[in-house]
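Participant: In this note's numbering, the protein residues as written are 16 to 776. Note that beta-carbon positions come from the ideal geometry of N, C-alpha and C, so glycine has one too.
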Amino acid sequence: MQKTGEAESKNNFAFESLEALRKKLLDLTARNGLLSYRHPKASCIRIIDELPDQIVEVLKSEKQLTFLEVSAPTQQELIDNGYISIDVDTKKETKLKEHPTAKQWAKHLGFDTSYDLPKQQMSDEEKDHHQDNNLQSLFYAPQLDARLRKIRSTAETAIEESGASVLFLGIGFLEWFDNDHSEMKRLAPLYTLPVKLDRSRKMSKQGKFQYTISLKDDGLITNITLKEKLANDFNLALPLVEDDLSPEDYFQLVEDTILKNKPHWKIRRQATLLMLNFTKQAMYQDLDPENWPDHAKIQDHPLIAKFFGSGEVGNSDNTLSYVEEHPIDDIPEIHNKFPLIFDADSSQHSALIDAVNGESLVIEGPPGSGKSQTITNLIAAAIANGKKVLFVAEKMAALNVVKDRLDKAGLGDFCLELHSHKTNKQAILNALGTRMNEQSAFREPAAIKVEIARFEDLKTKLKTYVDFINADWAETELSIHEILNKATRYREQLKTNPDDLKIEGVEGKSFTPLKQRQLFDQADNLKSIYDQISQQALDGNIANHYWYGVTNTDLMGYQAEELQKQLQQWTHHLEIVNKQFQNANNQLQLGVESVSLDQITEIITHIQSLPELKGGEVFTKFEYLVDHIDEMKQWLTQYRDIHNHHKTIAPMIYQDVVLETSSIEKLDKMTSTFNKLGINTDKTLEEIALLKHSINDTQDVLKKVNAEFEHIVPNIPADLSCCFTPTLQGFTEYKILIRLIDELPKDLWRYRNELYDNPDL
Numbered sequence: 016m017q018k019t020g021e022a023e024s025k026n027n028f029a030f031e032s033l034e035a036l037r038k039k040l041l042d043l044t045a046r047n048g049l050l051s052y053r054h055p056k057a058s059c060i061r062i063i064d065e066l067p068d069q070i071v072e073v074l075k076s077e078k079q080l081t082f083l084e085v086s087a088p089t090q091q092e093l094i095d096n097g098y099i100s101i102d103v104d105t106k107k108e109t110k111l112k113e114h115p116t117a118k119q120w121a122k123h124l125g126f127d128t129s130y131d132l133p134k135q136q137m138s139d140e141e142k143d144h145h146q147d148n149n150l151q152s153l154f155y156a157p158q159l160d161a162r163l164r165k166i167r168s169t170a171e172t173a174i175e176e177s178g179a180s181v182l183f184l185g186i187g188f189l190e191w192f193d194n195d196h197s198e199m200k201r202l203a204p205l206y207t208l209p210v211k212l213d214r215s216r217k218m219s220k221q222g223k224f225q226y227t228i229s230l231k232d233d234g235l236i237t238n239i240t241l242k243e244k245l246a247n248d249f250n251l252a253l254p255l256v257e258d259d260l261s262p263e264d265y266f267q268l269v270e271d272t273i274l275k276n277k278p279h280w281k282i283r284r285q286a287t288l289l290m291l292n293f294t295k296q297a298m299y300q301d302l303d304p305e306n307w308p309d310h311a312k313i314q315d316h317p318l319i320a321k322f323f324g325s326g327e328v329g330n331s332d333n334t335l336s337y338v339e340e341h342p343i344d345d346i347p348e349i350h351n352k353f354p355l356i357f358d359a360d361s362s363q364h365s366a367l368i369d370a371v372n373g374e375s376l377v378i379e380g381p382p383g384s385g386k387s388q389t390i391t392n393l394i395a396a397a398i399a400n401g402k403k404v405l406f407v408a409e410k411m412a413a414l415n416v417v418k419d420r421l422d423k424a425g426l427g428d429f430c431l432e433l434h435s436h437k438t439n440k441q442a443i444l445n446a447l448g449t450r451m452n453e454q455s456a457f458r459e460p461a462a463i464k465v466e467i468a469r470f471e472d473l474k475t476k477l478k479t480y481v482d483f484i485n486a487d488w489a490e491t492e493l494s495i496h497e498i499l500n501k502a503t504r505y506r507e508q509l510k511t512n513p514d515d516l517k518i519e520g521v522e523g524k525s526f527t528p529l530k531q532r533q534l535f536d537q538a539d540n541l542k543s544i545y546d547q548i549s550q551q552a553l554d555g556n557i558a559n560h561y562w563y564g565v566t567n568t569d570l571m572g573y574q575a576e577e578l579q580k581q582l583q584q585w586t587h588h589l590e591i592v593n594k595q596f597q598n599a600n601n602q603l604q605l606g607v608e609s610v611s612l613d614q615i616t617e618i619i620t621h622i623q624s625l626p627e628l629k630g631g632e633v634f635t636k637f638e639y640l641v642d643h644i645d646e647m648k649q650w651l652t653q654y655r656d657i658h659n660h661h662k663t664i665a666p667m668i669y670q671d672v673v674l675e676t677s678s679i680e681k682l683d684k685m686t687s688t689f690n691k692l693g694i695n696t697d698k699t700l701e702e703i704a705l706l707k708h709s710i711n712d713t714q715d716v717l718k719k720v721n722a723e724f725e726h727i728v729p730n731i732p733a734d735l736s737c738c739f740t741p742t743l744q745g746f747t748e749y750k751i752l753i754r755l756i757d758e759l760p761k762d763l764w765r766y767r768n769e770l771y772d773n774p775d776l
């Protein structure tokens, strides 16, 4: 009995906790548009002069309703109604009063401009007045197009992001007050129809798009938020909107139930295309315990018990932590129990295993880390294990990514879209029927067994390789992987052949950790000695050390004496060379203070390369050349360039022309002429020759044109003679004249009056 009491207590706690959270889904304050709709200017269209039942009847017959604007007044209509006047002589328009608003002009056209829709007319003639497929608004065409365009964009964005439709046609509003003493009127939608707003692909002849609405197959929606508000605050029961109820019938139900108890409240017979959010209302209804069967109450569900802390959780200490990865390669029957349809790493596969085993877990990761791919694999594995999966996402894009992956894997038929702008009640029923009919068509593919066997064979080979390469090699206590990795790194860093660094006596068995340490110590010692010797050398480079290159470290006594003797001779000869060089340095005034043996050798080589004296050399000018050596070098460079150019053009032009100094003057004159004529001077001689022929041809044409001009000039007014002169300015004027004549409509030439030939005009 005690256990039974504890179970009931836990269930009551879960029920109360669930109910408390459920009520938070509904916003029962005046901020909610489902309770207090304010008709915002930018996001709704109010309709006039239509019949509520007629609107619903057309939509339910799967027809479309077209929004109509108020026809803008023409200029003549504005004149006739005293808004403007037109001066007969000047044609100037004068505004007499402000132009009519859309509402004023609609009233002038005979529309009932009240937002309260008329009741059903009795006479057939009056009834036919509303028997069309149009919805009349109180906007001129530009304002209506802008408003509907924005509404359509907002509605489509909501569907793309969340998959939920927010566009409705609201017919009828309950005008209610917070209490009997309040004067603040609030309007709550009563009869709402989910609709779709479409725009014509092409503009009409009047240069405007047409906007139409059609009924979506989601069914009528009861304002549950208003129902709960009336029940909580006023103890009133709002009737549910049934699919077979017309607006007028529903209005009558509300009058008989709500208005009977609140006579100062009203039903405003208004119709508005508006945007409302019923998504939380749907969740509120789904979590209602009354909507669950007796044998499966929602408060009895183990997940609800876990969620509210009255049930057992996965960890005994009730703590959350990161879990370790499963040994994927060692799990038996992994292909059947935890299959993959897309690539996954070990952490993703481990998450899939926990999920299929019924563990509660959270999978986290930054964008691009493969979460959607993991979800796709998880759904496929759950299906393979006969489980049902409910995939919920805040954004519609997340649902589409996973659905597209499942379609790509051939599992799309196992998915049922319940929350999409593509689905409706009938579509869901049809989808269920299709899947039930195709149930017997699915077979286990025989080829999968072959693929699994091939996979296992490859996995065994890879695992053997991994185990081998990660095992310690001989006595080194280093894995093969570590050895190869270090060898590769050192080869790249040292840029040398490893065979050149091979150490005798080092192998796997002898290369123990102790031996490794000894070699490290020896290497450190070698580096220390190397650094010390390098410091003794010039510029810190060991190659410049005095004893660099001496490899024989074991000299005999007689060898040491011989070496000493040779070094003394070498030093003596160096002193002689240095003395002779200093004498030459002073005589030749080289200005060299210190010099190396290599530099002395180079100077001697340059001296030997000097030409022999032939007599007649003007040595007295050398001093001048030394002072102007830079100018001399520049002159020599120019001299060489000129002769190189002569060599280039000599085969193309007569030699006397190349050497004749007047040729340069002629070229300068030709260049100046080209510039005056606007001709690019960057041309080859071949192009210049062709240009000469072209100029001759042009002269011939000019002679012919001038002859024609001489026939025309006597027959035209003197003012036009400037257009027929064979000059650059004349041809420019002639071009303008021809262009102006060409712009005149040829079919109007015959109407030209002789009066225009009078030069005095």
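(1) At what residues does the alpha helix (DSSP H) containing Y14 begin and finish?
(2) Would the region 310-325 count as touching the region 252-272 if we require 3 or more Cβ pairs under 8 Å?
(3) Compute the minimum distance between the beta carbon of G97 and the heavy atoms of the ligand ATP, and state whether it is under 7 Å.
(4) Opposite R283 in the DSSP bridges: which residues?
(5) Please state whether the Cβ-Cβ distance between F135 and D64 is less than 8 Å.
(6) Under the assumption that L253 contacts I273 (Cβ atoms under 8 Å), give the Cβ distance between them as a whole number of angstroms.
(7) On the premise that F192 lies in contact with L205, defined as a C-beta separation below 8 Å, what is that separation, rounded to the nearest angstrom?
(8) Measuring CB to CB, does F526 end up less than 8 Å from T491?
(9) If you draw a straight line from the C-alpha of M571 to the C-alpha of H588, how long is it?
(10) Can the beta-carbon of I622 be found closer than 8 Å to that of V592?
(11) If you pair each beta-carbon of the region 34-43 with each one of the region 279-293, do three or more pairs fall below 8 Å?
(12) What does the alpha-carbon distance come out to for the pair D301 and K352?
(13) Can you have a look at N690 and say buried or exposed, based on whether 16 or more other CB atoms are within 10 angstroms of its CB?
(14) Between D715 and K220, what straight-line distance do the alpha-carbon atoms span, to the nearest angstrom?
(15) Exposed or buried, what is W120 when buried is set at 16 or more other beta-carbons lying within 10 Å of its beta-carbon?
(16) Am I right that V404 and A412 are in contact with their C-beta atoms under 8 Å? What's the rounded C-beta distance?
(17) Kindly confirm or deny that the region 383-400 and the region 351-366 touch, where touching means at least three C-beta pairs closer than 8 Å.
(18) In angstroms with no decimal places, state the Cα-to-Cα distance between H341 and D309.
(19) Please return the same chain residues whose Cβ sits closer than 6 Å to the Cβ of L159, not counting the five positions on each side in sequence.
(20) Return the chain-ordered ranges of every alpha helix (DSSP H) run that is complete within the region 517-563 and spans a minimum of 4 residues.
(21) In whole angstroms, what is the alpha-carbon distance linking N559 and V565?
(22) Quick check: the region 375-391 against the region 409-425, are there 3 or more CB pairs under 8 Å?
(23) Can you look up K698 in the DSSP assignment and give me helix, strand or coil?
(24) What is the residue span of the beta strand (DSSP E) that S100 lies within?
(25) Could you give the uninterrupted runs of the beta strand (DSSP E) lying entirely in the region 245-314, keeping only those of 3 residues or more?
(26) Could you give the distance in angstroms between the alpha-carbon of D104 and the alpha-carbon of G222?
(27) Going by other Cβ atoms of all chains shown within 10 Å of its Cβ, with 16 needed for buried, is H643 buried or exposed?
(28) Flag this pair as yes or no: are the beta carbons of E190 and W280 separated by less than 8 Å?
(29) Could you tell me if V377 is buried or exposed, where buried requires 16 or more neighbouring beta carbons within 10 angstroms of its beta carbon?
(30) Quick one: what's got a C-beta closer than 8 Å to V338's C-beta in the same chain, skipping five residues either side?
(31) Helix, strand or coil, according to DSSP, for Q17 in the structure here?
(32) Which residue wins for smallest C-alpha separation from V481, given the options S494, P528 and F323?
(33) Around the Cβ of S168, are there at least 16 other Cβ atoms within 10 angstroms (buried) or fewer (exposed)?
(34) Taking just the CA atoms, how far does D232 sit from I174?
(35) Is it right to say Y52 is buried, meaning 16 or more other beta carbons lie within 10 angstroms of its own, or is it exposed?
(36) Does S494 come out as helix, strand or coil in the three-state DSSP assignment?
Facilitator: On the basis of the data shown:
(1) Past the edges of the chain, shown from 16 to 776, lies residue 14, and the structure says nothing about it.
(2) no
(3) This structure lacks the ligand ATP; in fact it carries no ligand of any kind.
(4) F188
(5) First, the residue type needs correcting, since residue 135 is Gln and not Phe in the sequence shown. No; because the gap between Cβ atoms is not below 8 Å, this pair is not in contact.
(6) 7 Å
(7) Wrong, their Cβ atoms sit about 16 Å apart, outside the cutoff.
(8) yes
(9) 26 Å
(10) no
(11) no
(12) 32 Å
(13) exposed
(14) 58 Å
(15) buried
(16) Rounded, the Cβ-Cβ distance is 19 Å, inconsistent with contact.
(17) yes
(18) 40 Å
(19) E84 and S152
(20) 528-551
(21) 12 Å
(22) yes
(23) coil
(24) I99 to I101
(25) 281-290
(26) 32 Å
(27) exposed
(28) yes
(29) exposed
(30) S365, D369 and L376
(31) Its pLDDT being 45, under 50, Q17 is placed unreliably by the model, and the measurement read from it follows with that caveat. Helix.
(32) S494
(33) exposed
(34) 15 Å
(35) buried
(36) strand
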